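Q:
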Amino acid sequence: MFSYPQNLAISLTEEQGMLLDVARGFVRDQAPIEAVRAQLETETGYESRIWQSMVEMGWTGISLPDEVGGAGMGIGSAVPVFEALGGGLLGTPLLSTTIAGQLIWRAAGEKAADWLGRLCGGQIGTIALLDHADWGVPNTGLKLDETGSLSGRKHFVADAGVTDIFVVVANENGTPVLALVERNALASDALSENVLIDLTKRAANVDFTGVTPAHVVRGDSVASALRDTLLLGALLTAAETTGAAGRCLSSITEYLKTRKQFGKLIGSYQALKHPTVDIYVGMENARSFVYHGATIVADEPLSSDAEVACRMAKVAADDVMVYAGDRAVQFHGGFGFTWECDSTLFIRRAQWAQQMYGGAIHHRKRLAALLLDNEENG
Amino acid sequence: MTDSKAALKAFRGEVAAWMAENVPADPGFLLPLTFLEVGTEQQLDFLREWQHQLWSAGYLGMHWPTEYGGQGADPAYQFIVDKELSRHNAPIIFNTIGLNWVGPLLLDMGTEEEKAQYVKNILSAEEIWCQGFSEPDHGSDLGAVQTRAVKEGDEYVVNGSKIWTTLGNYADHMILLARTNPAAERKYDGLSFFLSPMKVAGIEAHPIRKVTGEYGFNQTFFTDARIPASCLMGEEGGGWKVAMKTLEYERGVTAGQASGHWGVTIQIDDMINELRALEQDGEALLSDPIVRDDLVGFMMEAKALSLSARRMSVSALNTDYPMGLALSVKYRGTEYERRMKQYTASKQGARSALYVGDADAVRGGFWQRAYFSNFGATIGGGTTQVQANIIAEHVLGLPK
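Chains Y and E, in that order, are what the protein sequence lines are.
For the first sequence, the positions run 607 to 984 when my numbering is used.
For the second sequence, the positions run 44 to 443 when my numbering is used.
(1) Please list the segments of the beta strand (DSSP E) lying wholly inside the segment 241 to 282 of chain E, counting only runs of 3 or more residues, in order along the chain.
(2) For residue 367 of chain E, decide whether its Cβ has a neighbour in chain Y, counting only Cβ atoms nearer than 8 Å.
(3) Classify residue 109 of chain E: buried if its beta carbon has 16 or more other beta carbons within 10 angstroms, exposed otherwise.
(4) Between which residues of its own chain and residue 650 of chain Y is the CB-CB distance below 6 Å, once the five residues before and five after are set aside?
(5) May I have the straight-line CA-CA distance separating residue 114 of chain E from residue 300 of chain E, to the nearest angstrom?
(6) Looking at residue 850 of chain Y: is its Cβ nearer than 8 Å to the Cβ of residue 692 of chain Y?
(7) Looking at the structure shown, is residue 310 of chain E part of a helix, part of a strand, or coil, going by DSSP?
(8) Would residue 441 of chain E pass as an interface residue toward chain Y - the criterion being a Cβ-Cβ separation below 8 Å?
(9) Locate the alpha helix (DSSP H) running through residue 641 of chain Y, then write down its first and last residues.
(10) Between residue 44 of chain E and residue 637 of chain Y, what straight-line distance do the alpha-carbon atoms span, to the nearest angstrom?
(11) If you pair each beta-carbon of the segment 709 to 728 of chain Y with each one of the segment 762 to 777 of chain Y, do three or more pairs fall below 8 Å?
(12) Using C-beta distances below 6 Å, list every residue in its chain close to residue 866 of chain Y, excluding the 5 sequence neighbours before and after it, in chain order.
(13) Whole alpha helix (DSSP H) runs in the segment 348 to 383 of chain E with 4 or more residues, listed along the chain?
(14) Apply the 10 Å Cβ neighbour rule to residue 945 of chain Y and answer buried if 16 or more other Cβ atoms are within range, or exposed otherwise.
(15) Please report the straight-line C-alpha distance between residue 838 of chain Y and residue 326 of chain E, rounded to a whole angstrom.
(16) Are the segment 330 to 347 of chain E and the segment 362 to 370 of chain E in contact at 8 Å, needing three or more beta carbon pairs?
(17) Against chain Y, with Cβ distances strictly below 8 Å, would residue 44 of chain E count as a contact?
(18) Between residue 976 of chain Y and the ligand MG, is there a pair consisting of the residue's CB and a ligand heavy atom that are separated by less than 7 Å?
(19) When you compare each of Y:785, Y:639, Y:655 to residue 754 of chain Y by their alpha carbons, which one comes out closest?
(20) So what's residue 732 of chain Y in DSSP terms, helix, strand or just coil?
(21) In the structure shown, what three-state DSSP assignment does residue 911 of chain Y receive?
(22) Note down the Cα distance separating residue 834 of chain Y from residue 610 of chain Y, rounded to an integer number of angstroms.
(23) Please look up how many angstroms separate the CB atoms of residue 901 of chain Y and residue 616 of chain Y, rounded, as I've assumed it's under 8 Å.
(24) Please tell me whether residue 168 of chain E and residue 212 of chain E are closer than 8 Å, where the distance is taken between their beta carbons.
(25) According to a CB-to-CB cut-off of less than 9 Å, which residues of the segment 363 to 391 of chain E neighbour chain Y?
(26) Can you find a CB in chain Y that lies within less than 8 Å of the CB of residue 346 of chain E?
(27) Counting beta carbon pairs with one atom in the segment 262 to 277 of chain E and one in the segment 121 to 132 of chain E, are three or more of them shorter than 8 Å?
(28) With a threshold of 8 Å on Cβ separation, who are the neighbours of residue 61 of chain E within its own chain once the five nearest residues in sequence on each side are excluded?
(29) Under 8 Å, with one C-beta from each stretch per pair, do the segment 235 to 252 of chain E and the segment 393 to 412 of chain E reach the 3-pair mark?
(30) Is it buried or exposed for residue 943 of chain Y, if we count other Cβ within 10 angstroms and need 16 for buried?
(31) Among E:170, E:226, E:311, E:230, whose alpha-carbon lies nearest the alpha-carbon of residue 242 of chain E?
(32) Below 8 Å on the Cβ atoms is my guess for residue 836 of chain Y versus residue 652 of chain Y; work out the distance and round it to an integer in Å.
(33) With 8 Å as the threshold, decide whether the Cβ of residue 435 of chain E is near any Cβ in chain Y.
(34) Going by DSSP in three states, residue 137 of chain E sits in which element: helix, strand or coil?
(35) Mind pulling the chain E residues with CB within less than 8 Å of residue 874 of chain Y?
(36) Could you pull out every residue in the same chain whose Cβ sits closer than 8 Å to the Cβ of residue 319 of chain E, ignoring the five residues on either side in sequence?
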C-alpha cells in the first residue's frame, strides 16, 4: 500500500524568531523600497554600508559552525533572514555568500576553516556552477587539468562582480571537484556582466581559463555536498521569494483599498478580490513549506524528507510569486505598467527567482520520483 | 484537566481494540458518505444502532457531563475516538445536528429541563434532530426568515416552509427559527428560537433528491402546525442570538461537539492507491508523466494543508495575518478535496462513466459519488465564493 511519507515538522526556535524580527526591522529601517530603487542601476546593486551592517550582525556566519568562525545556528536559521530580505526586495550578496559557505563546509569541513572564516568575516563568496543554462545537469564541463590549471567558462555567476572567493564546480579526470579561486587570480577581462531581468540582483559570465585555483577540494563528499547545497539554494531562494510574495500581496491590497473606479473602491470587485485571496493562500502555503524546510534541514547530509521539503518550498514559492507579480501589474492598471510602480519590481523578481536552482518542472519531476517510485511507498 | 500522555496512549489502545471487535462489517447495502445523505430507513436503522452501540460503550460525547449521558472526560478522549473511527473506516456517526450543534448549544444556554429532556437522547440516537433555518427564498440570509409562529394559548401555530432540512423526514425534533413579531423595528428582534417537535399534524418533510441520486435533505412545510409554547428556547424575540450561537457550533468556531466522525474521510493515500491499480494506453497509469506531475500537485496541496494546520500553533509565524490560516481552512480544504475526487473519478478509462450500482464500477463508484457529494462541503456552511469574500474582507481588509 502506498503511504505518503508525511514529515510534518514545523516550528520556530527562539533564535529563528529573533532573527525574523531583527531582519524585518533592519529592512524596514535601513533599506526601505526607495533605498532599494536607488540602487537598481548602480554597478553593485547595493550599498556597502548595508552589507557592512549585515556582516556586523553576524548574518554571513549564522549558519556556519563555531569552529570556523560562525554562530553555529545551522542553515535553518538563514530562512527567516532571507524571508525578511525578500520582503524588502533587498539584494546584496548574502545569498551567494551563504550558499558558497555551505558548499565549502559540506565538502571540506574544518579543513577549509580559513576560507570559511573569511566568509564569516564579510568577504563575499559565490558558487560558479552553470556551464550554460541547465540546472538539471552535473555542470562539470569546466576542466582542472594535470598542470593544476582551469579551462572553461561559467555562466550566470551570481554577484561575480563583487566576489572575493569563487567556488568553481569543475572536473578533474571526470571526477567533480571544487576549485577555490581568488578574485585577483582572474584575468582583467574575465567577467562579462549579464543583463538581468531583476535589477536588484547581479550576475556575470566568468572565464576561468588559465586560472590556477588557490585550493582544490576533492573527494566523495564533493558530489553530495553539491547536491545538498543546490537543494539549500532552492530553499533559501524560496524563503526570499515567499517574503517578496508577502510584500507584493500587501502592495496589491493597499491599492485595492484606496483606488476608486466607477465610484467604488476596486477592492470591492470580486474579480480582483478572489485572485488576491488566492495569492494570499499561495503565500501562506509557500511559507508553511519554507518553515517546514527550516525545521528539518541540518548540517548533516539532507534526508529525503528534507529534499522533499526544499523542492516543494521552491515550487510553491515560485508559483505564488509568478502569479502575484503578474497580477500586481495587471491590478494596478495603467500605473502598474509604469517603471514607477513597485509591481514592476515584483514581476521582475518573480521571473528571476523562478529559474534559480531549478524551475518548478525540474523539482516536480524529482518529487514525482521521490514520492511515487520509492519502493518503501510502493 | 489534562490527562497524562501515558493515560491517553493507553486509552487509544483500548479504543482500537474495541473498534477491531465492534466496528460493523459492510452491511451489504450502500451507506451514506456523510450525515447529509441518510436517505433510506435501512440506512437510518443501521446508523442508529451503530451510534447507540458506540455511546453504550462510553465512546460518544465523552467530554459531556455524566448526568446527561456523557463521561465527563477531557475532550482529548473524544478526539482519540474520532481518529480511531476514521482509521477503522467505521460507519459515520450520523445524528450530527444533535451531537454537534444542538447538544453543545443546550449545554451552553439551555435550562435544566431542556438539558434533562434532550441531551442524553441525542447521544443514544433515540431522538434525531434537524435544523430549520434556511428558507426557499432566503438561503444564507437568516435575518429575512419568513416562517410565522403565532402564539395561541399554550401553543404556537406555525406556517411557512424550510429548506435543506437534513434528516428532516426522520427527525424527532427541529431547531426552528421563526418570526413571532413581523412588526419588530429591527427584523432580527422579530425572530424566536424553538425546540420544535417534528411528528405533529401540519408538519411534512418532503425529501429532495440530490446530484448523487440520493436523498438526505428535505423541504419542510408547516401548515397550521401546533407546537407547545414550552418549546420556545429563551425569550420570544430573542431567537437571533441563539441562532448565531448555533452557527458558532456548526462552523466549529466554538468547541464542544460530540463527534467529528460525521463523514467518510478520504486521504491522498486512498487516491494514489486507487490510481496505482489503473492502466492507460496499456501501461500503468502512474507511469504517465502528466499524471505523475498532477499527483505531485495534489500531494503538495495535501501537505500544505497539514503543515498550515500545524503552523497555526506557532504564534510567531502568524503575526502578519493573525486569523488568516484559520479562516481559510474551509476555502482551501474543501476545494482541494473536490478536485482530488473528480481527478480520481476521471482516470478510470471507460469505467469513469460508471456509477454506483454497476458491478464494474471502480470501488463501486465510490469516487464518482464522493465527488458529487463533496459539493455539500463547498456549498454548505457558506460557499467557496462566500469564503473567499470572508478571507478578502476579514483577513486582507478589502472593502465589502
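We put the beta carbon where it would ideally sit given N, CA and C, even for glycine.
The structure presented is a predicted model; accordingly, all values stated were derived computationally and were not measured.
A: On the basis of the data shown:
(1) Every beta strand (DSSP E) of 3 residues or more that sits fully in the segment 241 to 282 of chain E is shown, in chain order, as 246 to 251, 260 to 271.
(2) Interface residue (Cβ-Cβ distance to chain Y less than 8 Å): residue 367 of chain E is classified as such.
(3) Exposed, by the Cβ-count rule.
(4) Cβ neighbours of residue 650 of chain Y beyond the five flanking positions: 768.
(5) Put simply, the backbone Cα of residue 114 of chain E is about 14 Å away from that of residue 300 of chain E.
(6) One thing to note: residue 850 of chain Y has its Cβ within 8 Å of the Cβ of residue 692 of chain Y.
(7) In this structure, residue 310 of chain E counts as coil in the three-state DSSP scheme.
(8) So yes, residue 441 of chain E belongs to the interface.
(9) From DSSP, the alpha helix (DSSP H) with residue 641 of chain Y extends over 639 to 644.
(10) Low per-residue confidence applies at residue 44 of chain E: pLDDT is 47, beneath 50, and the placement is therefore not dependable, though the value from the model is reported in the following sentence. A direct Cα-to-Cα measurement between residue 44 of chain E and residue 637 of chain Y gives close to 49 Å.
(11) Segments in contact, yes.
(12) Cβ within range, chain order: n/a, list empty.
(13) Every unbroken stretch of the alpha helix (DSSP H) spanning 4 or more residues and falling wholly within the segment 348 to 383 of chain E is given here in chain order: 367 to 370.
(14) With fewer than 16 other CB atoms across the displayed protein chains lying within 10 angstroms of its CB, residue 945 of chain Y is exposed.
(15) Each residue's Cα considered, the two are about 36 Å apart.
(16) At 8 Å Cβ cutoff, the stretches do not touch.
(17) Note that residue 44 of chain E has pLDDT 47, beneath the 50 cutoff, so the model's placement of it is unreliable and the number below is only indicative. No, no contact with chain Y.
(18) The ligand MG is absent from the structure shown, which contains no ligands of any kind.
(19) Residue Y:785 is the option with its Cα nearest to residue 754 of chain Y.
(20) Three-state result, residue 732 of chain Y: strand.
(21) If DSSP states are grouped into helix, strand and coil, residue 911 of chain Y belongs with the helices.
(22) When rounded, the separation of the alpha-carbon atoms in residue 834 of chain Y and residue 610 of chain Y is 23 Å.
(23) Between residue 616 of chain Y and residue 901 of chain Y the Cβ distance is about 5 Å, and since that is below 8 Å, they are a contact.
(24) Contact flag unset, no.
(25) Those would be 363, 364, 367, 368, 371, 374, 375, in chain order.
(26) It does: the Cβ of residue 346 of chain E has a partner Cβ on chain Y nearer than 8 Å.
(27) Taking 8 Å as the limit for Cβ pairs, the verdict is that the segment 262 to 277 of chain E does not touch the segment 121 to 132 of chain E.
(28) Closer than 8 Å at the Cβ level, and outside the excluded window around residue 61 of chain E, lie 100, 102.
(29) No, the segment 235 to 252 of chain E is not in contact with the segment 393 to 412 of chain E.
(30) Exposed is the call here.
(31) Taking only the C-alpha atoms, the option nearest residue 242 of chain E is E:170.
(32) Residue 652 of chain Y and residue 836 of chain Y do not touch by the CB rule: their CB atoms are close to 24 Å apart, not below 8 Å.
(33) Residue 435 of chain E has a beta carbon lying within less than 8 Å of a beta carbon in chain Y.
(34) Correct three-state label for residue 137 of chain E: coil.
(35) Per Cβ cutoff of 8 Å: 441, 442, 443.
(36) Contacts found: 327, 328, 329.
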